[in-house]
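In what follows, a structure is listed as structure tokens, so that the remarks can point back to it.
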Amino acid sequence: MNSRLDIIRTDFPILTQSVHGKSLAYFDNAATTQKPFPVIEAISRFYTEANSNVHRGVHKMSQQATQAYEGARNKIAVFLNASSPAEIIFTRGTTESINLVAFSFGEAFVKEGDEILISTLEHHSNIVPWQQLCLRKGASLKIIPISDRGELDMKAFQQLLNSRTRIVSVNHISNALGTINPIKDIIQQAHEKGIPVMIDGAQGLSHGPVDVQELGCDFYTFSSHKMYGPMGIGGLYGKREWLEKMPPYQCGGEMISKVTFEKTTFNELPYKFEAGTPNVADAIGLGAAVDYLGTIGWDFIRKQEADLLAYGTEKLGAVKGVQIIGTAAQKASIISFIMKDIHFFDAGTIIDGYGVAVRTGNHCTQPLMDRLGIIGTIRASFAFYNTREEIDRLVEAVLKVNDLFN
Amino acid sequence: MTINETIEEIINEFSSFDDWMDKYNYLIDMGKSLPVIDDKFRIDSNLITGCQSRVWLHSEYKDGIIIFTADSDAVITKGIVNLLIRVFTGHTPDEIISAETEFLDAIGLKDHLSPTRSNGLLSMIKQIKLYALAYKAQEKAL
Chain A
66 MNSRLDIIRT DFPILTQSVH GKSLAYFDNA ATTQKPFPVI EAISRFYTEA NSNVHRGVHK
126 MSQQATQAYE GARNKIAVFL NASSPAEIIF TRGTTESINL VAFSFGEAFV KEGDEILIST
186 LEHHSNIVPW QQLCLRKGAS LKIIPISDRG ELDMKAFQQL LNSRTRIVSV NHISNALGTI
246 NPIKDIIQQA HEKGIPVMID GAQGLSHGPV DVQELGCDFY TFSSHKMYGP MGIGGLYGKR
306 EWLEKMPPYQ CGGEMISKVT FEKTTFNELP YKFEAGTPNV ADAIGLGAAV DYLGTIGWDF
366 IRKQEADLLA YGTEKLGAVK GVQIIGTAAQ KASIISFIMK DIHFFDAGTI IDGYGVAVRT
426 GNHCTQPLMD RLGIIGTIRA SFAFYNTREE IDRLVEAVLK VNDLFN
Chain B
-17 MTINETIEEI INEFSSFDDW MDKYNYLIDM GKSLPVIDDK FRIDSNLITG CQSRVWLHSE
43 YKDGIIIFTA DSDAVITKGI VNLLIRVFTG HTPDEIISAE TEFLDAIGLK DHLSPTRSNG
103 LLSMIKQIKL YALAYKAQEK AL
């Protein structure tokens, strides 16, 4: 371990926990990342010193809470390089953000006979809301196929884009396989035909910088808890021109400008899409996570994660019977694998006994598993605070699994 | 042997294990030795859905007692299924309905096996009891 990593690990109190009497090796970062002290403290500080409802309060503490909440929005806008904080909508997370767009964009722009284009790599959260929209509207869902390595078939993508395509929605990084998709190309090609693109960024924001203006995407969704922030909050970036034209998703509270029993006029962006009292504490926590990522720096994060990915791929790949699923040229620090003739549940149970946290199953990507002809995988997903020594422990556990079941 | 006697026996067996790995070795052995369910019963209608591994549970009611057979695609799950079958098979619906299932706590299985989504353990027990209730109702109707 190098000394900077040692120091960084002390930022995450949970990493000193033991599990089944062994020190924790946490490799379930694609499900949720751990939280550093500055995030935990920001939430605690809000409830200890500043809890108050935001907006429209005349009292001092309400104004401070509003400033902190809007400050968090600003931080995210800068983090994503949005052209304005008004383009950042707070939601409960990626799933809610996708549902918001599928409903609201769908209501305004999707009609019978239209097509929605997604990919085989999608998480259920980026399938089902569109499927439901298609059912409501009589539209149809089209799927970009993948190669056996888990890469999008870009030729097929080009052919699937047509005058009926209303929107393209694909993930930035596959949660199940780690594939980093060529989203810039996807956006460019769709835009050439005047088709907007939404990027499911649930796995995107923890591994490297995202510049929504440079990408040109129309929507980008994200979850705080997968980027070292608290659970229960996340967001949607949307281009103002689209958000202005979309009807509200939920109604009540902050999103309203004027109400009579005959008619309601809606508040301006971003409040039009934020009904009810927002999750202020966690928005502030997310802001703290963004600040924290800034202090670590993408250089360190990318270098460390690339090292862990290469080391883990080499070590796991060398174990007899292990097959890595998802071997795209561009990959984030996620390794999915299967073991010959061993059920992932059996493997996961033994690995857990070693104090190593991995995820097993279909990773909410059943159509992808069907395409690959498997029922699930064992997934180790690394964060910058993980170490090579922890990977060695995973490999030791995997060797034991081979012993026990073969 | 009564249900309680079988449970006592299982608790005794498990109390001799020093660490978790012994426990799993035992479950794995039992998982490997469980007779495989007749293929004609390895069907969707016999499937108990847990998120992680699949379990097929089949029951037959004959001469006032219920005979359970089962299978799973995961070995550890199959070992647990084997334990449950050992406890419940060959008993009357009433005996099964009134049986306590806290023994799973006593043998420390709940420590490692999340009951909600991972292995459908609780769904399995629920299904065993539902079969017993159904056969009892059927008996009364006759």
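From first to last, the protein sequence lines are chains A and B.
Numbering (the working numbering) for the first sequence: 66 to 471.
Numbering (the working numbering) for the second sequence: -17 to 124.
Glycine residues also receive a C-beta, built at the ideal position from the N, C-alpha and C atoms.
The structure presented is a predicted model; accordingly, all values stated were derived computationally and were not measured.
Range of the contiguous beta strand (DSSP E) that encloses residue i
{"i": "Thr230 of chain A", "result": "Thr230 to Asn236"}
{"i": "Met404 of chain A", "result": "Ile399 to Met404"}
{"i": "Ala52 of chain B", "result": "Ile47 to Ser54"}
{"i": "Val324 of chain A", "result": "Ile321 to Val324"}
{"i": "Ala445 of chain A", "result": "Thr442 to Ser446"}
{"i": "Thr31 of chain B", "result": "Leu29 to Thr31"}
Three-state secondary structure assigned by DSSP to residue i
{"i": "Glu213 of chain A", "result": "Per the sequence shown, residue 213 of chain A should be read as Asp rather than Glu. Of the three classes helix, strand and coil, the one that applies to Asp213 of chain A here is coil, per DSSP."}
{"i": "Ser41 of chain B", "result": "strand"}
{"i": "Ile5 of chain B", "result": "What sits at residue 5 of chain B in the sequence shown is Lys, not Ile. Three-state result, Lys5 of chain B: helix."}
{"i": "Ile79 of chain B", "result": "helix"}
{"i": "Met311 of chain A", "result": "coil"}
{"i": "Tyr112 of chain A", "result": "helix"}
{"i": "Gln99 of chain A", "result": "coil"}
{"i": "Ser100 of chain B", "result": "A caution first: Ser100 of chain B carries a pLDDT of 47, below 50, which makes its placement in the model too unreliable to give a value."}
{"i": "Met126 of chain A", "result": "helix"}
{"i": "Gln224 of chain A", "result": "helix"}
{"i": "Val463 of chain A", "result": "helix"}
{"i": "Asp276 of chain A", "result": "coil"}
{"i": "Ala267 of chain A", "result": "coil"}
{"i": "Ile89 of chain B", "result": "coil"}
{"i": "Gly303 of chain A", "result": "strand"}
{"i": "Lys368 of chain A", "result": "helix"}
{"i": "Leu200 of chain A", "result": "helix"}
{"i": "Asp93 of chain A", "result": "strand"}
Buried/exposed call for residue i, threshold 16 Cβ in 10 Å
{"i": "His237 of chain A", "result": "buried"}
{"i": "Val175 of chain A", "result": "buried"}
{"i": "Arg99 of chain B", "result": "Any reading at Arg99 of chain B must be qualified, since the residue scores a pLDDT of 48, below 50, and its modelled position is unreliable; the value itself is stated next. Classification of Arg99 of chain B: exposed, given that the 10 Å Cβ count is below 16."}
{"i": "Asn(-14) of chain B", "result": "exposed"}
{"i": "Val463 of chain A", "result": "buried"}
{"i": "Phe326 of chain A", "result": "exposed"}
{"i": "Thr430 of chain A", "result": "buried"}
{"i": "Gln120 of chain B", "result": "exposed"}
{"i": "Asn246 of chain A", "result": "buried"}
{"i": "Pro78 of chain A", "result": "exposed"}
{"i": "Gly86 of chain A", "result": "exposed"}
Chain-ordered neighbours of residue i on chain A, where CB pairs are closer than 8 Å
{"i": "Trp2 of chain B", "result": "His85 and Gly418"}
Under 7 Å by beta carbon: chain B residues contacting residue i
{"i": "Ile415 of chain A", "result": "Tyr6"}
{"i": "Leu437 of chain A", "result": "In chain order: nothing, as chain B lies at least about 17 Å away."}
{"i": "Asp411 of chain A", "result": "Ala56, Val57 and Ile58"}
Listed by chain order, chain A residues near residue i by CB distance under 7 Å
{"i": "Val63 of chain B", "result": "Chain A residues near Val63 of chain B: none, gap ~13 Å exceeds 7 Å."}
Terminal residues of the alpha helix (DSSP H) in which residue i lies
{"i": "Gln253 of chain A", "result": "Ile248 to Glu257"}
{"i": "Gln395 of chain A", "result": "Counting along the chain, Gln395 of chain A falls outside any alpha helix (DSSP H), and DSSP gives it neither H nor E."}
{"i": "Arg68 of chain B", "result": "Val57 to Phe70"}
{"i": "Met434 of chain A", "result": "Gln431 to Leu437"}
Between the CA atoms of residue j and residue i - distance to the nearest angstrom
{"i": "Ile(-7) of chain B", "j": "Glu135 of chain A", "result": "58 Å"}
{"i": "Lys125 of chain A", "j": "Thr230 of chain A", "result": "50 Å"}
{"i": "Ile208 of chain A", "j": "Ala56 of chain B", "result": "32 Å"}
{"i": "Thr75 of chain A", "j": "Met296 of chain A", "result": "21 Å"}
{"i": "Phe338 of chain A", "j": "Ile403 of chain A", "result": "42 Å"}
{"i": "Ile390 of chain A", "j": "Gly215 of chain A", "result": "8 Å"}
{"i": "Gly281 of chain A", "j": "Asn146 of chain A", "result": "11 Å"}
{"i": "Ile443 of chain A", "j": "Gly318 of chain A", "result": "43 Å"}
{"i": "Ala88 of chain B", "j": "Thr97 of chain A", "result": "32 Å"}
{"i": "Phe410 of chain A", "j": "Thr425 of chain A", "result": "7 Å"}
{"i": "Trp474 of chain A", "j": "Phe287 of chain A", "result": "In the structure as shown, chain A begins at 66 and stops at 471. Residue 474 of chain A is therefore absent and cannot be evaluated."}
{"i": "Met12 of chain B", "j": "Asp20 of chain B", "result": "18 Å"}
{"i": "Asp276 of chain A", "j": "Arg305 of chain A", "result": "16 Å"}
{"i": "Ala267 of chain A", "j": "Met292 of chain A", "result": "9 Å"}
{"i": "Ser205 of chain A", "j": "Leu217 of chain A", "result": "20 Å"}
{"i": "Gln223 of chain A", "j": "Gln254 of chain A", "result": "7 Å"}
{"i": "Pro97 of chain B", "j": "Ala115 of chain A", "result": "For Pro97 of chain B, the pLDDT reaches just 45, beneath the cut-off of 50, and the residue's location in the model is therefore unreliable, although a value from the coordinates is still provided. Rounded to the nearest angstrom, the two C-alpha atoms are 39 Å apart."}
{"i": "Leu556 of chain A", "j": "Met3 of chain B", "result": "Nothing about residue 556 of chain A can be reported from this structure: the residues present for chain A run from 66 to 471 only."}
{"i": "Ile361 of chain A", "j": "Tyr450 of chain A", "result": "11 Å"}
{"i": "Val235 of chain A", "j": "Gly203 of chain A", "result": "21 Å"}
{"i": "Gln99 of chain A", "j": "Leu115 of chain B", "result": "46 Å"}
{"i": "Tyr336 of chain A", "j": "Lys111 of chain B", "result": "52 Å"}
{"i": "Pro313 of chain A", "j": "Ala133 of chain A", "result": "25 Å"}
Neighbouring residues, chain B, relative to residue i (Cβ below 8 Å)
{"i": "His124 of chain A", "result": "Those do not exist, as His124 of chain A stays about 44 Å from chain B at its closest Cβ, beyond 8 Å."}
{"i": "Phe470 of chain A", "result": "Ile10 and Val57"}
{"i": "His188 of chain A", "result": "Neighbours of His188 of chain A on chain B: none; closest Cβ ~15 Å, over 8 Å."}
{"i": "His272 of chain A", "result": "The premise fails here: His272 of chain A is roughly 27 Å from chain B at the closest Cβ pair, so nothing lies under 8 Å."}
{"i": "His290 of chain A", "result": "Near His290 of chain A there are no residues of chain B at all, since even the closest Cβ is about 19 Å away, more than 8 Å."}
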